[in-house]
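Numbering (the UniProt record's numbering), first residue to last: 1 to 307.
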């Protein structure tokens, strides 16, 4: 196991540099970030040249990337165009989005897996058909429609929740936004768990466990569920980074000042330092989540061994 972890960590190094280089190049061709600093009027040549020198934009792109990566390893993600360090923006945004992501992941694990197990064990029955139709509806409706509809009904019309989340963004206020954020992924987890349970239910090892006279609960939890969760864990692990980076719509609807909000502001204002800095951290989140998923495989399925 130790050799496998070391090998995976070494494999993450070129992936990290490749992903950050691609993002850096893509962000730098979005447009002229200096133009956004001058408002509606065009910057005069002297001011534009001074701003480019100040933010290092007068250098070649490859040199800007090397300088940026060198600063990243010292904990310096640059300075936003408003003069605020990007690390300060991260300190404000990431805790909020992490809380929102935790709520969303809990919905996926608790509700998604529970519904998947129930429908997988009762495949073809009315409860299975009902859940499949509901998940199909959730998958068919865009997230921004779901979020706006829930905000309108629960927040504005019925007054059950606050239409906008407060700046503190406590866990209690993030329950409804977390459900909106997790809605599509929850439907996928339900369907994926259902399919995996239904397939493994016919496997030889499950029939053998039943023939031995083991209690039904033990057969499901110790034999059927553990092996069936492998594809589900893979999806949820990859979804952690996707939820953190893809929360732009949900955070905009409920006025949550998290990572999605900062990315949106950085893209609109062409603030390359902010966008690249936040995405760099998200790349690390993706890589670490995938590593954790691979390590969980051995816990769920003892037959898996890492050389």
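Cβ atoms here follow ideal geometry from the backbone N, Cα and C, with glycine treated the same way. Treat the numbers as computed from the prediction; the structure is a model and nothing was measured.
Checklist entry - In the DSSP assignment, what residue or residues form a beta bridge with residue 79? => result Position 79 of the chain shown, counting from 1, holds the residue named residue 79. Partner(s): 85.
Next on the checklist: Using 8 angstroms as the threshold, is the C-beta distance between residue 225 and residue 100 below it?
Outcome noted: The count along the chain shown starts at 1 and reaches residue 225 at position 225. The count along the chain shown starts at 1 and reaches residue 100 at position 100. Result no, Cβ atoms of residue 225 and residue 100 do not sit closer than 8 angstroms.
Checklist entry - For residue 73, which of helix, strand or coil comes out of DSSP? => result On the chain shown, residue 73 is found 73 positions in, with the first residue counted as 1. Three-state DSSP puts residue 73 in coil, outside helix and strand.
Item to check | 3 or more residues per run - each beta strand (DSSP E) lying fully within the segment 86–134 | outcome: none
Item to check | Simplified DSSP state of residue 172, which is helix, strand or coil | outcome: Locating residue 172 in the chain shown gives position 172, where the first residue counts as 1. Here residue 172 sits in helix by DSSP.
Checklist entry - Should residue 7 go down as buried or exposed, given a rule of 16 or more other Cβ atoms within 10 Å for buried? => result The residue given as residue 7 occupies position 7 in the chain shown. Residue 7 is exposed by the Cβ-count criterion.
Item to check | Where the alpha helix (DSSP H) containing residue 255 begins and where it ends | outcome: As a working mapping, residue 255 is identified with position 255 in the chain shown. Note, residue 255: premise wrong, no alpha helix (DSSP H); not H, not E.
Checklist entry - Looking only at C-alpha atoms, which of 61, 130 and 53 sits nearest to residue 21? => result Residue numbering aside, residue 21 sits at position 21 when the chain shown is read from its first letter. Of the candidates 61, 130 and 53, the one whose C-alpha sits nearest the C-alpha of residue 21 is 61.
Item to check | Segments assigned alpha helix (DSSP H), at least 4 residues, entirely inside the segment 179–224 | outcome: Under the rule that a run must span 4 or more residues, the alpha helix (DSSP H) segments found entirely inside the segment 179–224 read 204–211.
Item to check | Three or more C-beta pairs below 8 angstroms linking the segment 188–195 and the segment 114–132 | outcome: yes
Item to check | Span of the alpha helix (DSSP H), counted from its first residue to its last, around residue 163 | outcome: In the chain shown, residue 163 corresponds to position 163, counting from 1. No alpha helix (DSSP H) holds residue 163; DSSP gives it neither H nor E.
Checklist entry - Just curious, the alpha helix (DSSP H) that residue 269 is in, first and last residue? => result Residue mapping note: residue 269 aligns to position 269 of the chain shown, counting from 1. Taken as a continuous stretch (DSSP letters only), residue 269 belongs to no alpha helix (DSSP H), as it is neither H nor E.
Next on the checklist: If you reduce the DSSP assignment to three classes, tell me which class residue 155 lands in.
Outcome noted: Residue mapping note: residue 155 aligns to position 155 of the chain shown, counting from 1. Correct three-state label for residue 155: helix.
Checklist entry - Skipping 5 residues on each side, what residues in its chain have a beta carbon closer than 6 angstroms to that of residue 198? => result Start at 1 with the first residue of the chain shown, and residue 198 comes out as number 198. Within the same chain, residue 198 has close Cβ partners 120 and 123.
Item to check | Bounding residues of the alpha helix (DSSP H) (the contiguous stretch that carries residue 308) | outcome: Coverage of the chain is limited to positions 1 through 307, which leaves residue 308 absent and any answer about it impossible.
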